[in-house]
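> Which chain is which? The protein sequence lines are A and B, in order.
Going left to right, the first sequence walks through residues 43 to 158 as the numbering used here numbers them.
Going left to right, the second sequence walks through residues 548 to 662 as the numbering used here numbers them.
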Amino acid sequence: AQTVTQSQPEMSVQEAETVTLSCTYDTSESNYYLFWYKQPPSRQMILVIRQEAYKQQNATENRFSVNFQKAAKSFSLKISDSQLGDTAMYFCASKAGGTSYGKLTFGQGTILTVHP
Amino acid sequence: GAGVSQSPRYKVAKRGQDVALRCDPISGHVSLFWYQQALGQGPEFLTYFQNEAQLDKSGLPSDRFFAERPEGSVSTLKIQRTQQEDSAVYLCASSLGVAVTDTQYFGPGTRLTVL
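#1: Can you list the residues of chain B that S84(A) reaches, using a CB-CB cut of under 9 Å?
#2: Name the two residues that bound the continuous beta strand (DSSP E) containing R616(B).
#3: In the stretch 87-110 of chain A, which residues sit with their C-beta less than 9 Å from some C-beta in chain B, listed in chain order?
#4: Chain A beta carbons: is any one of them nearer than 8 Å to that of P608(B)?
#5: Suppose the cutoff is 8 Å on Cβ atoms and the five residues either side in sequence are ignored; what does the same chain contact list for Q50(A) look like?
#6: Since C639(B) sits in a beta bridge, which residues does DSSP pair it with?
#7: With a threshold of 8 Å between beta-carbons, can F612(B) be considered close to chain A, or not?
#8: In chain A, what lies closer than 8 Å to G619(B) by C-beta?
#9: Pull out every residue of the stretch 582-610 of chain B whose Cβ sits closer than 8 Å to any Cβ of chain A, in chain order.
#10: Verify the CB distance criterion: does E660(B) have a CB-CB separation below 8 Å to chain A?
#11: Return the residue from the list E618(B), S609(B), D610(B), T623(B) that minimises the CA-CA distance to F580(B).
#12: Which first and last residues belong to the beta strand (DSSP E) in which N104(A) is found?
#13: With DSSP as the reference, label Q81(A) as helix, strand or coil.
#14: Mark L126(A) as exposed unless 16 or more other C-beta atoms lie within 10 angstroms of its C-beta, in which case mark it buried.
#15: Which residue from K625(B), G619(B), L602(B) puts its Cα closest to that of F612(B)?
#16: For E71(A), name the three-state secondary structure that DSSP assigns.
#17: Residues of chain B with a CB under 8 Å from the CB of G127(A): which are they?
#18: In chain B, which residues lie less than 8 Å from K115(A) when you measure between Cβ atoms?
#19: Comparing alpha-carbon positions, which option in S641(B), D633(B), R658(B), V661(B) lies nearest S578(B)?
#20: By the three-class DSSP mapping on this structure, what secondary structure does E94(A) have?
#21: For the stretch 69-84 of chain A and the stretch 124-140 of chain A, state whether three or more C-beta atom pairs, one from each stretch, are separated by less than 8 Å.
#22: Ordered along the chain, which non-local residues of its own chain (more than five positions away) have a Cβ less than 7 Å from that of T594(B)?
#23: I'd like the list of long-range same chain contacts for E661(B), defined as Cβ closer than 7 Å, with 5 residues on each side in sequence excluded.
#24: Where does L662(B) sit, in a helix, a strand or coil, going by DSSP?
#25: Measure how close the beta-carbons of F148(A) and V46(A) come, nearest whole angstrom, since I'm counting them as under 8 Å.
Right, here's the structure in full:
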């Protein structure tokens with residue numbers, strides 16, 4: 043079984059600044075994947091970034107990067123140069139390898155508000 | 548080139564009514580997932596289809612929930628004798644193949660309110 047915990051219900055940041063969203067997870071799997079999804083008010087969930095657990099290098103996608111600490115089971119998301127369009131609910135999620143059929147386990151979410 | 552679509556976008560049902568929620572995945576996508584998202588919470592897995600085969604229904608909360616994908620494309624999630632605790636957003640996602648690495652693309656969801 044997998045569990046994902048996001049301890050920050052809400053965060054806010056000024057436009058152009060940097061913000062970090064926290065996530066911890068637990069899994070008994072040796073092969074797993076971690077994700078950050080963004081859900082704007084329109085509710086269409088969008089993949090922001092993904093990390094394969096076997097890769098030591100932290101994933102980066104433009105202004106988005108992760109800090110993956112495997113031993114601590116921590117997976118935080120850093121958003122640089124925050125933009126108004128980054129305002130959304132952010133979900134951390136995990137997916138086990140093997141025969142899990144790829145179902146995602148989500149955290150409770152963090153509401154991020156970017157202020158002008 | 549369209550994404551995942553779901554209908555209706557909003558559904559209000561009286562307690563005890565049956566409802567049917569539709570998901571149109573991206574054309575050619577083999578895998579289809581249903582998730583339930585309660586207000587202010589993260590989505591929770593309900594069921595998974597690989598083409599027309601329902602391979603995992605471990606997340607369905609009760610036998611009032613039933614899902615099908617008879618021709619391996621469109622899927623319907625049916626809830627019988629709806630209860631207030633069924634009120635949630637129901638999300639559908641599809642992915643191209645069956646690899647665990649495949650990205651899931653989500654639809655906009657159907658918001659179900661049971662009165």
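Ideal Cβ positions, reconstructed from N, Cα and C, are used throughout, including at glycine.
Let's see:
#1: The contacting residues are P655.
#2: Where R616(B) is concerned, there is no enclosing beta strand (DSSP E), because DSSP gives it neither an H nor an E.
#3: Within the stretch 87-110 of chain A, the residues whose Cβ lies closer than 9 Å to some Cβ of chain B are M87, I88, L89, R92, E94, listed in chain order.
#4: Judged by the 8 Å Cβ criterion, P608(B) is not in contact with chain A.
#5: For Q50(A), same chain residues with a beta-carbon under 8 Å away, outside a window of 5 residues either side, are L63, S64, T152 in chain order.
#6: C639(B) pairs with W581(B).
#7: Chain A, which has no Cβ nearer than 8 Å to the Cβ of F612(B), makes this no.
#8: Ordered by position in chain A, no residue passes the 8 Å Cβ test against G619(B), which lies about 15 Å from the chain.
#9: Per Cβ criterion, the list reads Y582, G587, Q588, G589, P590, E591, F592, Y595, Q597, L602, D603, G606.
#10: Looking at the sequence provided, one finds Thr at residue 660(B) rather than Glu. Not an interface residue.
#11: Measuring from the Cα of F580(B), the nearest candidate turns out to be T623(B).
#12: Element bounds for N104(A): n/a, residue is neither H nor E.
#13: Of the three classes helix, strand and coil, the one that applies to Q81(A) here is strand, per DSSP.
#14: Flag for L126(A) reads exposed.
#15: Here the closest residue by C-alpha is K625(B).
#16: Here E71(A) sits in coil by DSSP.
#17: Neighbours of G127(A) on chain B: none; closest Cβ ~18 Å, over 8 Å.
#18: Correct list: empty, because the minimum Cβ distance to chain B is about 17 Å.
#19: Checked all of S641(B), D633(B), R658(B), V661(B); the closest Cα to S578(B) is S641(B).
#20: Of the three classes helix, strand and coil, the one that applies to E94(A) here is strand, per DSSP.
#21: In short, these stretches touch, since the Cβ pair count reaches three.
#22: Residues of the same chain with a CB within less than 7 Å of the CB of T594(B), apart from the 5 flanking positions on each side, are W581, Q601, D603, K604, G606, L607, A614 in chain order.
#23: Note on identity: in this sequence residue 661(B) is Val, with Glu being the wrong assignment. A distance below 7 Å between beta-carbons, with the five flanking residues on each side excluded, links V661(B) to the following residues of its chain, in chain order: A560, R562, T629, Q630, Q631, D633, S634.
#24: Per DSSP, reduced to three states, the secondary structure at L662(B) is coil, with no helix or strand assignment.
#25: The Cβ separation is near 6 Å, so the contact holds.
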